[in-house]
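In terms of UniProt numbering, the sequence shown opens at residue 1 and continues consecutively.
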Amino acid sequence: MGAQLRELRARVKATKSIGKITKAMELIATSRIAKAQARVEAARPYSSEITTALSELATAATTLDNPLLTERENPRRAAVLVVTSDKGLCGGYNANVLRTTEELLALLREQGKEPVLFVIGAKGVNYYRFRNREIAASWTGFSDQPQYVHAREAGETMVKLFLAGADDVGDSGGADGIVGVDELHIVYTEFRSMLTQTPQAKRIAPLEVEYVEEGEATSAPDCGSLIKTPSPTEGTPFR
Numbered sequence: 001m002g003a004q005l006r007e008l009r010a011r012v013k014a015t016k017s018i019g020k021i022t023k024a025m026e027l028i029a030t031s032r033i034a035k036a037q038a039r040v041e042a043a044r045p046y047s048s049e050i051t052t053a054l055s056e057l058a059t060a061a062t063t064l065d066n067p068l069l070t071e072r073e074n075p076r077r078a079a080v081l082v083v084t085s086d087k088g089l090c091g092g093y094n095a096n097v098l099r100t101t102e103e104l105l106a107l108l109r110e111q112g113k114e115p116v117l118f119v120i121g122a123k124g125v126n127y128y129r130f131r132n133r134e135i136a137a138s139w140t141g142f143s144d145q146p147q148y149v150h151a152r153e154a155g156e157t158m159v160k161l162f163l164a165g166a167d168d169v170g171d172s173g174g175a176d177g178i179v180g181v182d183e184l185h186i187v188y189t190e191f192r193s194m195l196t197q198t199p200q201a202k203r204i205a206p207l208e209v210e211y212v213e214e215g216e217a218t219s220a221p222d223c224g225s226l227i228k229t230p231s232p233t234e235g236t237p238f239r
C-alpha cells in the first residue's frame with residue numbers, strides 16, 4: 001500500500017511539473033505570436049503602397065520593352081518559390097502551403113511548362129528531399145526572424161534566372177551556366193487573423209497588371225506618402 005501511494009504521489013508531482021512546463025511554453029508562444037502579428041500589421045501599409053506603386057508603374061509602362069512586364073511566347077520553364085517554416089508545431093501552416101504547391105506544379109505541367117523548385121524553410125526542403133524531388137536552390141534558418149537580406153538573396157536569384165529566359169539557354173544552361181525560366185511563381189501563407197491564414201499561389205513575373213476603376217481601390221492603413229514616386233523607366237530598371 002505504501003509503495004502504491006509513493007508511486008501515485010510521484011505521478012502527481014510529475015503531472016504538476018509538466019503543467020508548469022506547458023504553461024511556460026504557452027506564455028512564450030503567446031508572446032511570440034503577438035510580436036509576429038505586430039510585425040505583420042506594421043508591414044501591411046508598406047505592402048499596400050508598394051503593390052499600388054508597382055501596379056501604376058506596370059500600367060504606365062505598357063509601351064516599355066521590359067522583360068518583367070512582357071509575356072514570353074511559348075513559356076517552357078517556370079520557377080516556383082515555396083515559403084515554409086524551419087520548425088513545426090504550427091498547425092497546418094506547412095501542410096497547406098505544400099498542398100497548394102503540388103496543385104500549382106500539376107497545373108504548370110498540364111500547361112506544358114517544366115517547374116523548377118526553389119524552397120525557403122527546412123520543412124519544405126525536408127518534404128521534397130524525402131520524396132527525391134530536385135530542388136534548384138534553398139534557404140533555411142531564418143523563418144522565425146526573416147530579414148530583408150534573406151528576401152533579397154532569394155529574389156535576386158529568381159530574377160537572374162528570369163532575365164536569362166528559358167528560350168535563350170538549353171537544359172544544361174547557357175554560356176554562363178544559367179538555366180533560365182520564363183515565369184516566376186511564389187507560394188506563401190497570407191496572414192489574415194489569428195484564426196485565418198490562407199495559402200496563396202501567385203505569378204510574380206511577368207508582372208500581372210490588375211486594373212482598378214477609380215473609386216474601387218481597397219482601403220489601406222494610413223502610412224503617409226511615398227518619399228519618391230519613380231517614373232516608369234526608373235521603376236523598371238531591368239531592360
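Beta carbons: idealized from backbone N, C-alpha and C, even for Gly.
Which first and last residues belong to the alpha helix (DSSP H) in which Arg152 is found?
-> Element bounds for Arg152: Tyr148 to Ala164.
Ala24: CB within 8 Å of a non-hydrogen atom of the ligand FAD = The ligand content of the structure shown is nil, which means the ligand FAD is not present either.
Pro199 in three-state terms, based on DSSP = The DSSP-derived three-state label of Pro199 is strand.
Is the number of C-beta pairs between the segment 74–85 and the segment 180–199 that are closer than 8 Å three or more?
-> Touching, yes.
Assign Leu184 to one of three DSSP states: helix, strand, or coil.
-> Correct three-state label for Leu184: strand.
Would you list, in sequence order, the uninterrupted beta strand (DSSP E) runs of no fewer than 3 residues that lie entirely inside the segment 104–144?
-> Runs found: 114–120 and 137–139.
Please report the residue range of the beta strand (DSSP E) in which Val179 lies.
-> Neither: Val179 is in no beta strand (DSSP E) and is coded neither H nor E.
Can you tell me the Cβ-Cβ gap for Ala122 and Asp86, rounded? I've got them flagged as a contact below 8 Å.
-> The beta-carbon distance between Ala122 and Asp86, rounded to whole angstroms, is 4 Å. This is short enough to meet the 8 Å contact definition.
Take Ile120 as the anchor and find which of His150, Arg131 and Leu27 has the nearest alpha-carbon.
-> Scanning His150, Arg131 and Leu27 for the CA closest to the CA of Ile120 turns up His150.
Shortest alpha-carbon distance to Leu98 belongs to which of Val187, Asn66 and Gln4?
-> When only C-alpha atoms are compared, the closest one is Val187.
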